[in-house]
Each structure stands twice: as C-alpha cells, then as structure tokens.
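Written out below as structure tokens is the structure these notes cover.
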Amino acid sequence: MTALWSLNEIEALARKAARGAGFEWGLTEEAGQAVRWLEARGLPGAKALEFALNAGVLGDASRCAISLGCAICDGAVTPVSLSSRDVIAPLLLLPFASWWSEQHKQSLTLSWPDGAIDIEGACFAIGPAGVTVPPRADIAFIDRKARGLTQVNVGFRAQVDCETYVALSAFAQRTYAPSTEASRLSGAGAGLSDND
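Number 80 in the working numbering belongs to position 86 of the sequence shown; there are no gaps in the numbering.
Right, here's the structure in full:
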C-alpha cells in the first residue's frame, strides 16, 4: 500500500532518518535532497534510502551512495573513476550524477547489472527494463553521449509505500529525546492532570 506525501515531508523524514542512523549533519542534508530529487521525478528515493540505512554503511566513502555522491559534487572524484564499485543503494547516486553532469556539461550513463540510466544534466533516460532498486550492486559510470533523453516532469508529491515510510520513521525516532518525569512536570505534555 502506498500513500502520497508532500516532497517537504519526505525530505524532512529522510534527513531525520539519516541522522537517526548515524549520518553526520552535512550528509543528512544531502540524503534529504537526493531523496526529494528522486521522488519528485517518480523514482523510489525513499526505498533506496531505506536500503542504505539498513545496510549500516553510512559515511563509508567506498560503498555509501550518499558519501560517493558528495565526493562527486565536491570534485574529489569523477563519476567515471567510480566504475566497478560495489555500492549500497546505487539509485541514490543519480541526483549527484545529474548535478555533476549539468555543471560539467558532460553526458554519463550510470549502470548496474539490472538497469541503466543515461544522464545529461536535468534530463535522463531509463533503460528498457525500467528502474530496479537493488539494495546493492556493482555500478559503472560510462562517459558517453546519452541517447533518448527526456526532460522529466517534476512533481510536488511523493508516492511512498507505507512499509518504507514506517521503516524511515523508526530511524527518525532515534533523534527524539525520551520524555522524563521532570520534563512532564515542567510543562512538556499533560503533566499531572490532563485538562484536554
């Protein structure tokens, strides 16, 4: 079962979930933006983030798609140098590759065994098999002229399956401070009497 959420809600949930799973503050922002970018284009960014958080490789510069994406955007690595690399939730690399492609005016193909996406700036084309969301895959970036690109319409809502939303919410709850008797007595919550 799926539900519609605003992109703001999904981005905020993604940031909180990433922080709850142990991402540093800067990476939480990048995770939220990447998930929002994917969901706005009808791609399962929230599901990809769920795979990344469950794998427990956050911040691992060699396997975490968010860390690798940040390295691409910061100029620390080029996309083509990441070929033949085992990456967790490789779909999360797509927004970063798109941003890099737009900045450098260069076409790329991001591929893994069951899928390929041609990228040229904000335009991309998904291979004939559609988009699979593998939890992990060996990825390759190929520097080549993209074919059959279309400008994808950007939506304002994200369609996220409820199981994924609940899983991300569980990570997000790790960021909340537990209530204490002292906080309840000082006015947080109903206190000793519930006047509602």
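Even glycine gets a Cβ: it sits at the ideal position worked out from N, Cα and C.
Close beta carbons around residue i, own chain, < 6 Å, minus the five adjacent residues each side
{"i": "Pro193", "result": "No answer is possible for residue 193: it lies beyond the span of the chain, which begins at -5 and ends at 190."}
Spatial distance of residue i from residue j (CA atoms)
{"i": "Cys117", "j": "Thr126", "result": "19 Å"}
{"i": "Glu114", "j": "Gln97", "result": "10 Å"}
{"i": "Pro100", "j": "Ile120", "result": "Position check: residue 100 holds Gln in this sequence, whereas Pro was assumed. If I take the Cα positions, the gap works out to 17 Å."}
{"i": "Arg151", "j": "Phe45", "result": "21 Å"}
{"i": "Gly109", "j": "Leu7", "result": "27 Å"}
{"i": "Gln153", "j": "Asn2", "result": "13 Å"}
{"i": "Tyr170", "j": "Ile82", "result": "27 Å"}
{"i": "Ile111", "j": "Thr22", "result": "25 Å"}
{"i": "Trp64", "j": "Leu179", "result": "The sequence given here places Cys at residue 64; Trp does not occur at that position. Going by the C-alpha atoms only, they are around 44 Å apart."}
{"i": "Leu37", "j": "Val146", "result": "11 Å"}
Residue nearest to residue i in terms of C-alpha spacing, selected from the options
{"i": "Arg30", "options": "Ser180, Phe90, Asn48 and Ile120", "result": "Phe90"}
{"i": "Lys10", "options": "Ala131, Lys99 and Gln167", "result": "Gln167"}
{"i": "Phe17", "options": "Trp94, Lys41, Asn48 and Gly69", "result": "Asn48"}
{"i": "Leu162", "options": "Ala42, Val74 and Glu23", "result": "Ala42"}
Close-in-space but distant-in-sequence residues of the same chain around residue i (CB under 7 Å, 5 per side omitted)
{"i": "Asp80", "result": "Arg57, Arg130 and Asp132"}
CB-CB length for residue i against residue j, believed under 8 Å
{"i": "Pro73", "j": "Trp106", "result": "That pair is no contact at about 14 Å."}
{"i": "Phe165", "j": "Ala15", "result": "5 Å"}
If contact is defined by three or more beta carbon pairs under 8 Å, each pair taking one atom from either stretch, is the stretch 49 to 58 in contact with the stretch 31 to 39? The stretch 31 to 39 is not in contact with the stretch 49 to 58.
Say whether the stretch 19 to 29 touches the stretch 81 to 97, bearing in mind that this needs 3 or more beta-carbon pairs closer than 8 Å, one atom from each stretch. yes
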